[in-house]
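Note sheet for the following structure.
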Amino acid sequence: MNLKKIKEIPIVKKLGFNRIVLTGVLVLMYVVLSLIVDKFAGMPRIMSALNYAYFLGFLSLGVTFVIATGGIDFSIGPVMFCCALISGYCLTSHGVPMLLSLIISVIVGFIFGMFNGYLVAYWRVPPFIVSMASMNIAKGVASVFTKTQSVSWPQAAKGGWFRSLVKVGKFPVGIVIFFAIAIVCSIVLNHTKAGRYILSLGSNREAVRLSGVDIKKWEMLAYVICGILVGIAAIYFVGAYTTVQPGYGDQYNNEAIAGCVMGGTSMAGGLASIGGTVIGVLIIALLQEGILALGFTKDYQLIITGLIVIVAVYADVMARRRNN
Amino acid sequence: MGEVILEMKKIDKSFPGVHALNNVDFEVKRGEVHALMGENGAGKSTLMKVLTGIYTKDSGTIIYEGKEVEFNSTREAQDAGIVIVHQELNMVGHLTVAQNIFIGREFKKGIRIDDKKMNEEAKKLFDRLNIDIDPTMTMSDLTVGKQQMCEIAKAISHDAKVIVFDEPSAALTEAEIEDLFKIIKDLREQQMGIVYISHRMDEIKVITDRVTVMRDGCYVGTLITEESTKDDIVNMMVGRVIYEEPKTKSQVAADAPVVLKVEHLNAGRMVQDISFELHKGEILGFSGLMGAGRTETARAIFGADPKESGDIYVNGQLVTINSPEDAVRAGIGYLSEDRKRFGIVVQKTVAENTTMADLPNYMKGLFIDRKKERDVARKFVDSLATKTPSVDQMVINLSGGNQQKVVIAKWLCKNCDILIFDEPTRGIDVGAKNEIYKLMNKLASEGKSIIMISSEMTEILRMSDRIVVMCEGRKTGELTIEETTQEKIMNLATRDIN
Chain X
1 MNLKKIKEIP
11 IVKKLGFNRI
21 VLTGVLVLMY
31 VVLSLIVDKF
41 AGMPRIMSAL
51 NYAYFLGFLS
61 LGVTFVIATG
71 GIDFSIGPVM
81 FCCALISGYC
91 LTSHGVPMLL
101 SLIISVIVGF
111 IFGMFNGYLV
121 AYWRVPPFIV
131 SMASMNIAKG
141 VASVFTKTQS
151 VSWPQAAKGG
161 WFRSLVKVGK
171 FPVGIVIFFA
181 IAIVCSIVLN
191 HTKAGRYILS
201 LGSNREAVRL
211 SGVDIKKWEM
221 LAYVICGILV
231 GIAAIYFVGA
241 YTTVQPGYGD
251 QYNNEAIAGC
261 VMGGTSMAGG
271 LASIGGTVIG
281 VLIIALLQEG
291 ILALGFTKDY
301 QLIITGLIVI
311 VAVYADVMAR
321 RRNN
Chain W
1001 MGEVILEMKK
1011 IDKSFPGVHA
1021 LNNVDFEVKR
1031 GEVHALMGEN
1041 GAGKSTLMKV
1051 LTGIYTKDSG
1061 TIIYEGKEVE
1071 FNSTREAQDA
1081 GIVIVHQELN
1091 MVGHLTVAQN
1101 IFIGREFKKG
1111 IRIDDKKMNE
1121 EAKKLFDRLN
1131 IDIDPTMTMS
1141 DLTVGKQQMC
1151 EIAKAISHDA
1161 KVIVFDEPSA
1171 ALTEAEIEDL
1181 FKIIKDLREQ
1191 QMGIVYISHR
1201 MDEIKVITDR
1211 VTVMRDGCYV
1221 GTLITEESTK
1231 DDIVNMMVGR
1241 VIYEEPKTKS
1251 QVAADAPVVL
1261 KVEHLNAGRM
1271 VQDISFELHK
1281 GEILGFSGLM
1291 GAGRTETARA
1301 IFGADPKESG
1311 DIYVNGQLVT
1321 INSPEDAVRA
1331 GIGYLSEDRK
1341 RFGIVVQKTV
1351 AENTTMADLP
1361 NYMKGLFIDR
1371 KKERDVARKF
1381 VDSLATKTPS
1391 VDQMVINLSG
1401 GNQQKVVIAK
1411 WLCKNCDILI
1421 FDEPTRGIDV
1431 GAKNEIYKLM
1441 NKLASEGKSI
1451 IMISSEMTEI
1461 LRMSDRIVVM
1471 CEGRKTGELT
1481 IEETTQEKIM
1491 NLATRDIN
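As you go down the protein sequences, you meet chains X and W in turn. Per this note's numbering, the first sequence runs over residues 1 to 324. Per this note's numbering, the second sequence runs over residues 1001 to 1498.
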């Protein structure tokens, strides 16, 4: 049976050929790593990989909406750090209650989303430029706010109840919440007006505008959704690692975008898959765990995700060329 | 006519769900103009794309100058001497004519580009074609007709032996078409094989030697043009005679109220002081030559482009239209001449495109009511006879005529009372054209008011109750259908306003 026929099988069509292949890759990676790395199999490694997958996953879900419009956001990583730093600083240095601090994190993300979205949608500044600029703004704002100090969120034993959003005992609560939010994202993208317009304007902006749709509003909304998810990502970052330093976060841009495009979201806009993004993120998270387990440094992770982005985008370009 | 220079035998090509070419045969002789005709979706473009290496064929053979060939890119086909002049021009606007013609193979003097030599060579090409164009002019300053001639010159400069013209006359004025025909005749004299794709029956009679007709991806037959009639060809294409008489009398009631009134509309050079009225149930034709400013007027009314001044009244009420959103709210729908760019979202399904302008009415709380959406799409697929396997088909997979029907469905779904059809049948085959005409008449009789922009005289005469003629951004006249003649329209359309 050739590839074309396999793709036509109803169940394959429904789940998406790409997603099935990616799931296969994910399982294969896990099996291979378990075989070649001593003690890789088992909960500790999985929990560690999941910690990475949570915050990266929320970033990736967020950027999926932006990429669906045909835009891009290179500010998500630093904005996530900015959210974590500002809210953490409020918590540790200003005595703001925990719950409120978490809300502040989401609000900071929301504000950056509004800012990016407004400039892109209403002023027509290219998303590439806007997000590059707000990346630096995020870093700067965070540094100013925290007086260039790193912020440590409290451990679970010392009032850090928020960490039970990540896990309770040995149970990974985070995965439940992550999947729940991913499902919400999928519903928003595929079953609401917002999602329909976001995808449509990503495919043909002018046609949607001439249908009498307020495309600016909907394009901006994609960035706002992204910003909110970045704020949530920040909670999961500190939930997993507690400490954040100002001036970092860039590396996660690439990884989040890699997860997204690997999952079948087209950089040209108009096509997006939340399910694909989730699997893509899990692959990246497992990859980073594997690289560390194999004794390589984090630098290799950067190289590999960089290459993944290029290969995934190239595959998307080729697929579109074939369709034309 | 000389010996056969190009022969395509039993060409087969399938796309997912579509058998685009089914054992198609086609040949071109040296020194002949061979028309390739067929309804939209008949497979003409696909066949030519297989020829020029854009698509790979599934099976069949192509024999060119006695040898079997297989091109993997347009570049390879070009190097072998097979070139295609596309309907859409592929020119770089801010480069000169000569720079465009020799783009990618510039003459060099050391490492510098030798513009002088390129200008001379371009001049030689134009002389050979008897065209008067200055090679040093900037491309974007030329008219569409002149730009196309540059395309032809570029094609010839590749030492072409076979030239494919894909609807070359679609964007040209009458005078430009005559020039084009002169060039094509010259090329024929020079023993080139010419493939001519067009929907314009009159042109086929004038310019071609033989006609090959395709239908639904199959080869139907080849006729000698001189020995066949228009109806012969049309019958091969659709299997029925379809020409209708022009309208002789307005179908609008004398006391029909004014639904749209435009006063002193100004929007740049192309829209200067335009005023007119549209009555309920009327089809108001907008006639004029290419570049008369009709599309620009429509876009300004619709809020797609900004306007400088002017008032728009809908049902007697002054309305502010600053965006398409405002226009749609006022009950105006606009069907663009360029469906792909402005009409449809190709990566969405037929159903999703149908509700694009009216999505708020297809919601169940926060969610889109997919069932209701599919139902309404199915209703319009049936009533417009749109050819699609299902309403869940991506619009990218439909032919041009069917894509147009999806756009019409979009505005019918929104239930707009005023519809602006901009070149509603451009690039659409005769059969589907007829359906769209019937549909427009039906809409008008149901009380919808239609502005129809058209560059085809027959279409204007056949459909309009009243006609506004424009020339170079100004309204030059208004005619009732009873008093209209082709000559009157042409006079107004070419009126010297300076």
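Where is the CB? At the ideal position from N, CA and C, for every residue including glycine.
Counting Cβ pairs closer than 8 Å, one from the stretch 1418–1433 of chain W and one from the stretch 1326–1343 of chain W, do we hit at least three?
Output reads yes: the stretch 1326–1343 of chain W touches the stretch 1418–1433 of chain W.
Any 3 or more C-beta pairs closer than 8 Å across the stretch 1163–1182 of chain W and the stretch 1072–1091 of chain W:
They touch, by the three-pair rule.
Please report the Cβ distance between S1140/W and G1093/W, rounded to the nearest whole angstrom; I am assuming they are in contact, meaning their Cβ atoms lie under 8 Å.
Going by Cβ atoms, the distance from S1140/W to G1093/W rounds to 4 Å, so yes, they are a contact pair.
Buried versus exposed, by CB contacts within 10 Å (16 or more), I6/X
Under this definition I6/X is an exposed residue.
Would you give the residue range spanned by the beta strand (DSSP E) that H191/X belongs to?
Unbroken run through H191/X is the alpha helix (DSSP H), 173–191; no beta strand (DSSP E).
Nearest by alpha-carbon distance to Y314/X: which of L271/X, S266/X, T242/X is it?
Nearest to Y314/X by C-alpha distance, out of L271/X, S266/X, T242/X, is S266/X.
Spatial neighbours of K167/X within its chain, please: CB distance less than 8 Å, with the 5 preceding and 5 following residues excluded, ordered by chain position.
If the five residues before and after K167/X are omitted, its C-beta is found closer than 8 Å to the C-beta atoms of M47, V173, G174, all from its own chain and listed in chain order.
According to the neighbour-count rule (16 or more other Cβ atoms, all chains shown, within 10 Å of its Cβ), is T1229/W buried or exposed?
In this structure T1229/W is exposed. Its beta-carbon is surrounded by fewer than 16 other beta-carbon atoms within 10 angstroms.
For N204/X and chain W, any beta-carbon pair shorter than 8 Å?
Output row for N204/X: interface = yes.
Spell out the partners DSSP gives C1471/W in its beta bridges.
Answer is R1474/W.
Output yes or no for whether 8 Å exceeds the beta carbon distance between D1232/W and V1033/W.
No.
Helix, strand or coil at D1166/W [DSSP, three-state]
In this structure, D1166/W counts as strand in the three-state DSSP scheme.
Using 8 Å as the cut-off, can you tell me whether the stretch 1475–1484 of chain W makes contact with the stretch 1245–1264 of chain W, which would need three or more C-beta pairs spanning the two stretches below that distance?
Short answer: they touch.
With three or more beta-carbon pairs closer than 8 Å as the criterion, would you say the stretch 50–58 of chain X touches the stretch 238–254 of chain X?
The way I'd put it, the stretch 50–58 of chain X does touch the stretch 238–254 of chain X; three or more beta-carbon pairs between them come closer than 8 Å.
Quick one: grab the DSSP three-state call for I1084/W.
In the structure shown, I1084/W sits in a strand (DSSP, three-state: E or B).
Going along the chain, which residues of its own chain have a beta-carbon closer than 7 Å to the beta-carbon of Y236/X, five neighbours each way excluded?
So the list reads Y54, F55, F58, V166, G174, once near-sequence residues are dropped.
Report the rounded CA-to-CA distance for M1440/W versus E1446/W, giving the unit in angstroms.
Rounded to whole angstroms, M1440/W to E1446/W spans 10 Å at the Cα level.
Could you say which of K216/X, L221/X, G160/X lies nearest to V188/X if we only look at CA atoms?
When C-alpha distances from V188/X are compared across K216/X, L221/X, G160/X, the shortest belongs to L221/X.
In chain order, what residues of the stretch 234–250 of chain X put their CB closer than 9 Å to some CB of chain W?
So the list is empty, because no residue satisfies the distance condition.
Bridge partners for I1428/W per DSSP, in chain order?
For I1428/W, which the question treats as bridged, DSSP gives no partner whatsoever.
When you compare the CB of A222/X with every CB in chain W, is at least one pair closer than 8 Å?
With its beta carbon at least 8 Å from every one in chain W, A222/X lies outside the interface.
Since S60/X contacts S87/X with CB under 8 Å, what's their CB separation in whole angstroms?
With 8 Å as the limit, S60/X and S87/X do not qualify as a contact, their Cβ atoms being about 21 Å apart.
Of the choices K1410/W, T1349/W, V1345/W, G1401/W, whose alpha-carbon is the least far from that of N1361/W?
Selected option, being the one with the closest Cα: K1410/W.
Taking one C-beta from the stretch 266–280 of chain X and one from the stretch 92–100 of chain X each time, how about it: are there three or more such pairs within less than 8 Å?
These segments do not touch.
Opening and closing residue of the beta strand (DSSP E) in which N51/X lies
Going by DSSP, N51/X is part of no beta strand (DSSP E) but of the alpha helix (DSSP H) stretching over 43–68.
Selection of the stretch 1332–1349 of chain W by Cβ proximity to chain X, strictly under 7 Å
Correct list: Y1334, S1336, R1341, F1342, G1343, I1344, V1345, V1346, Q1347, K1348.
At 8 Å on the CB atoms, spell out the chain X contacts of F1367/W, in chain order.
Correct list: I187, H191, T192.
Please classify T1225/W as buried or exposed, where buried requires at least 16 neighbouring CB atoms within 10 angstroms.
With 16 or more other Cβ atoms within 10 Å, it is buried.
Enumerate, from N- to C-terminal direction, the unbroken alpha helix (DSSP H) stretches of 4 or more residues contained entirely within the stretch 8–41 of chain X.
List check, alpha helix (DSSP H) in window: 10–15, 17–36.
Contacts that K1410/W makes with chain X (C-beta to C-beta distance below 8 Å):
Against chain X, the beta carbon of K1410/W has neighbours under 8 Å at S211, listed in chain order.
Along chain W, in chain order, which residues have C-beta atoms closer than 9 Å to that of V208/X?
Under the 9 Å cutoff, chain W gives V1345, M1356.
In the stretch 1431–1452 of chain W, which residues sit with their C-beta less than 9 Å from some C-beta in chain X, listed in chain order?
Residues of the stretch 1431–1452 of chain W with a C-beta atom less than 9 Å from some C-beta of chain X do not occur.
Near-chain X residues of the stretch 1318–1330 of chain W - C-beta to any C-beta below 9 Å
Residues of the stretch 1318–1330 of chain W with a C-beta less than 9 Å from any C-beta of chain X: S1323, P1324, E1325, D1326, A1327, V1328, R1329, listed in chain order.
Can you check whether the C-beta of L16/X is within less than 8 Å of a C-beta belonging to chain W?
One detail in the question is off: residue 16/X reads as Gly in this sequence, not Leu. At a cut-off of 8 Å, the C-beta of G16/X has no neighbouring C-beta in chain W.
Start-to-end residues for the beta strand (DSSP E) that takes in C1218/W:
Judged by DSSP secondary structure, C1218/W falls within the beta strand (DSSP E) whose first and last residues are 1218–1224.
G231/X and I67/X closer than 8 Å at C-beta
Cβ distance not < 8 Å, so G231/X and I67/X don't count as in contact.
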